[in-house]
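In our numbering, the protein residues as written are 127 to 263. Take a look at the structure set out below.
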């Protein structure tokens, strides 16, 4: 769950920290996503700069495509001391509902130069059964 800052005139957290983006400044820069509809598929393109392919996991769970990525912090030598650090270390994830008719083997994914591309086939939705009126006697 992501905490969103309030946008009203007075907020205890904003007042205390003096920063309207206290909770979302870092989170808003990760996993920026574009979803493109093509002729026979949907393409999900996710920015994951600095991540390696080995630390990205895709799974399909009850119709949800789940993407989880992690960057581990390098061991810091005892004699080194950070004066300023902005690089991200940690985990991030997203979920997209793609439906119950898609199988894992139908999804294709590739990761190159910090961009994860996922191709999901477009399937015709199952037609709802024709609704027939039942006469009440």
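Quick reminder that beta carbons are idealized off the backbone N, C-alpha and C, glycines included.
Helix, strand or coil at residue i according to DSSP, with G and I counted as helix
i, result
"residue 181", "helix"
"residue 232", "helix"
"residue 237", "strand"
"residue 221", "strand"
"residue 163", "strand"
"residue 250", "coil"
Residue i versus residue j: straight-line alpha-carbon distance, rounded
i, j, result
"residue 231", "residue 201", "37 Å"
"residue 199", "residue 234", "29 Å"
"residue 237", "residue 209", "33 Å"
"residue 195", "residue 261", "56 Å"
"residue 225", "residue 244", "15 Å"
"residue 177", "residue 240", "7 Å"
Boundaries of the beta strand (DSSP E) in which residue i is found, first to last residue
i, result
"residue 227", "Where residue 227 is concerned, there is no enclosing beta strand (DSSP E), given that its DSSP letter is neither H nor E."
"residue 194", "190-197"
"residue 247", "241-247"
"residue 169", "167-173"
"residue 204", "It is not in any beta strand (DSSP E) - residue 204 carries neither H nor E in the DSSP assignment."
Residue i and residue j closer than 7 Å at C-beta
i, j, result
"residue 190", "residue 158", "no"
"residue 228", "residue 167", "no"
"residue 215", "residue 197", "yes"
Paired residues, beta bridge with residue i - DSSP
i, result
"residue 213", "DSSP output for residue 213 lists no bridge partner at all."
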